[in-house]
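This report concerns only the one structure given below.
Given below as structure tokens:
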């Protein structure tokens, strides 16, 4: 009784606010309300990919299908939390983000369901999909070694493991352990080499650093140019962006650097996948699947690759010159779910060995 | 204390003011309590790891960050407030206004701007290299560090201390300072022996806002590699995938900070300055001459340059490179969205915080004091964590709606109301601190006189108190409005579909390390904030005459 009274009072207070603030909300009121069987003309996406090219793709999709796309952009973990708490009433149909570990975390949290579509299965190779098809890979980036063309010969480089040896003391640059990219890289090494080896590796990296970790991926490249180190671990797509930066100085820096794909004769280069997951309580399931089919089609894939310097998930898609110039490479062959499973372990290792 | 006494107390105090502030308090406190409740939940297996590796080192760095930022903003903020209110010099009117401007620049944008300016491809090193053939030793200037973070927070947050302290000094301190001057005290002695103790409530109000902001910041600290409790919270959430432990960590942070300010409040309560004499007149300003004049100009010029002009010019230069790609007609909508939510939320905050500050002043007991401190607690934890609290409340409300009407869809949590309530919960502090400082300043005597002469509480408020706290109200408006325009984490997590603000647009680029592109929306944020500051400054000037 008391509880009821309290809730009624609260609703009254808040509906007063409703009158003041609902003008923008009302356009979205309809979204997600219809059951899946009637033909809805809407699709609701929660995405952690904040790229201009993604918006372009959604517009193309609307043009092609007449389905209106509603988007909330945010950070991956926060969006997962939101979907989780919204529960079966969640209006979200698709959850899109970067990083296999996070995608797996969404799956583990029980907010996804399998995608059944022959087109998708055809578009995206098995290794870039969840094993239950709960998420589908859209594109990937490689976490490579960039090096100073002046001071390092590519022959000196070989593997990630090599960077942790005495040879590179004071010469390695990498950003902080708060970066998911680093956590996933270490998680992949936990999977491939075992926990103990991975810990030794992280310790080696932490002692070989040219400076305490700071800044983002691009800042590591700049630090090579500034002479604070000779080699840096960074993502290919940041390197592509630097080469195409509006700031002439950044282009100059990028041109002093070479890209090396490590572990080619061993376990392969670490890649990070972007993917789309079908939300468990999706109200516009058909449209969501249509969108995944659209996003993995060759045309969309070529556009992402061209504008964002990511590797397309669909092998038939055209890639831009820059990516072609890097040649083909062997990627790590591991289950992305393992990245999520080992993420906690890798964070613990980083904290333990003092990788700030 | 027994139940009947409580009821009697409530009955005695139950006027309209009390109920309005209680209702406002309910909306604000529920999300805060939902976070604090996690203190009592059982811990999971991650907790041991957090305690062993994240807490010790991170707590220590947090203390250093807060100590450094607190002391530095105290010196800069009060020093400048003292300078412009006690002295007269060339360009004073300009500087008096210009010291507010750094507020318009979000600290994380300033952090990106300064560190990029000083890194290898930045304008400083490039100029040295290309024009003088000199390469800076790479470790010489390291902005991305703990001292760098303290510097950024000081440069861009000191206006909190400056504004609140200045509005106190200009209005109130005349008689005391002039007496001290007449009695032959040196300027330094006046500052330390008279100004600082007297302005203590105002200064503490300002500094506490700065500390709130610094402790809950994630943008600057994570980019600079500084490990604070807040970065530990996000490591736990995003790295260990453990939102529950993250909320729990935030609850500790909140409890610690609220506790610290409660203690300060209790200590201060013993020496209350009910300072209002019958005549409180503005300070007569002393004309500066010679060396002192030059020094004042130099300091003021330097502060304005580093805390506003230089970063803005750099942002303009970057925007010039990218505006053709970034700037679209969408910016009109973004600006409109930003203005709309900021204005609405600011208005609500001012109403609630004025009410609460008034209730607190009139009733003055432990209960209202703790209640009002809790009202401002939303500012002490990272926005994203607070967002979880607000989300929880709204989803619960939606559950009730669904249970009542069976619509099967989320209503409230899919509208802007959720975001606006979140803003109110988070930024109650900026409004409240400013207004509370205003009430402290005018003391009780006017109100008591008015009530004695037969005016009711409400009439007294509108006829007597409100005109007296107008300055503080304006300060509160500027601080709150500008904060909301800059705000990111709440907007990111709680917005409805297809809703973007200038801040989320900035994030879209800055998150991808594209500072040149981010410069365009960042400049829009600065412009909107500037406009607000300028308008309110004008209003303030006019009402003072």
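Protein chains in written order, with full-length UniProt numbering: chain F, 1 to 356; chain Z, 1 to 545.
Ideal Cβ positions, reconstructed from N, Cα and C, are used throughout, including at glycine.
Predicted, not measured: the structure shown is a model, and the values here were computed from it.
The alpha carbon of residue 168 (chain Z) has as its nearest neighbour, out of Z:533, Z:530 and Z:468, the alpha carbon of Z:468. Per DSSP, residue 198 (chain F) is one residue of the alpha helix (DSSP H) stretching across 195-208. Here the segment 55-62 of chain Z lies against the segment 223-239 of chain Z, with 3 or more beta-carbon pairs under 8 Å apart.
In this structure residue 427 (chain Z) is in contact with residue 379 (chain Z), their Cβ atoms being roughly 7 Å apart against a cut-off of 8 Å. Straight-line measurement puts the Cα of residue 108 (chain Z) at about 15 Å from the Cα of residue 211 (chain Z). Spanning the alpha carbons of residue 326 (chain Z) and residue 184 (chain F) requires a straight line of approximately 32 Å. Residue 26 (chain Z) and residue 71 (chain F) have their C-alpha atoms some 31 Å from each other.
With respect to chain F, the C-beta atom of residue 336 (chain Z) has no partner C-beta closer than 7 Å.
With respect to the 7 Å criterion, residue 74 (chain Z) and residue 258 (chain Z) are not classified as neighbours on the basis of their beta carbons.
Between residue 45 (chain Z) and the set Z:105, Z:241, Z:488 and Z:30, the nearest pair of CA atoms involves Z:241. Identification of chain Z residues near residue 72 (chain F) by a Cβ-Cβ cut-off of 7 Å yields 495 and 497, ordered along the chain. Taking a contact as a CB-CB distance under 8 Å, the pair residue 528 (chain Z) and residue 314 (chain Z) does not count as one, their CB atoms being some 19 Å apart. Proximity of chain F to residue 398 (chain Z) at the Cβ level (cut-off 9 Å) is accounted for by 86 and 89, in chain order. Taking CB atoms only, residue 237 (chain Z) has a neighbour in chain F less than 7 Å away. Taken in chain order, the unbroken stretches of alpha helix (DSSP H) that lie wholly in the segment 27-99 of chain F and span 4 residues or more are 52-65 and 76-86.
For residue 286 (chain Z), DSSP records a beta bridge to Z:87. Among the residues facing chain F, residue 314 (chain Z) is not included, as its CB has no counterpart in that chain under 7 Å away. For secondary structure counted as the alpha helix (DSSP H) over 4 or more consecutive residues, the segment 72-119 of chain Z holds these complete runs in sequence order: 92-98 and 107-118.
Annotation for residue 55 (chain Z): no beta strand (DSSP E) segment contains it, and DSSP assigns it neither H nor E. Going by beta carbons, residue 201 (chain Z) and residue 437 (chain Z) fall inside the 7 Å limit.
Around residue 328 (chain Z), no beta-carbon contact reaches into chain F at under 7 Å, the shortest distance being about 10 Å. Against chain Z, the beta carbon of residue 143 (chain F) has no neighbour under 9 Å; the closest one sits roughly 15 Å away. Taking a Cβ-Cβ threshold of 7 Å, none of the residues of chain F is close to residue 456 (chain Z); the smallest such distance is about 25 Å.
Beta-bridge pairing by DSSP links residue 143 (chain F) to F:235. Rounded to whole angstroms, residue 140 (chain F) and residue 97 (chain F) show a C-alpha spacing of 11 Å. DSSP, read as helix, strand or coil, puts residue 179 (chain F) in coil. Annotation: the segment 335-366 of chain Z contains no complete segment of the alpha helix (DSSP H) (minimum length 4 residues). If you draw a straight line from the Cα of residue 20 (chain Z) to the Cα of residue 141 (chain Z), it is about 53 Å long.
Listed in chain order, the positions of the segment 251-285 of chain F with a beta carbon within less than 8 Å of a beta carbon of chain Z are 252 and 253. Residue range 298-308 is occupied by the alpha helix (DSSP H) that includes residue 308 (chain F).
For residue 354 (chain F), the nearest beta carbon of chain Z is not closer than 7 Å to its own beta carbon. Between residue 346 (chain F) and residue 232 (chain F), the C-beta gap is not smaller than 7 Å, which leaves the two residues out of contact. At a cut-off of 7 Å between beta-carbon atoms, residue 144 (chain Z) makes contact with chain F.
Residue environment analysis places residue 320 (chain Z) among the exposed positions, since fewer than 16 neighbouring C-beta atoms fall within 10 angstroms of its C-beta. For a Cβ distance threshold of 9 Å, residue set 238 and 239 of chain Z lies close to residue 180 (chain F), ordered along the chain. As computed with DSSP, residue 269 (chain F) is found in a beta bridge with F:331.
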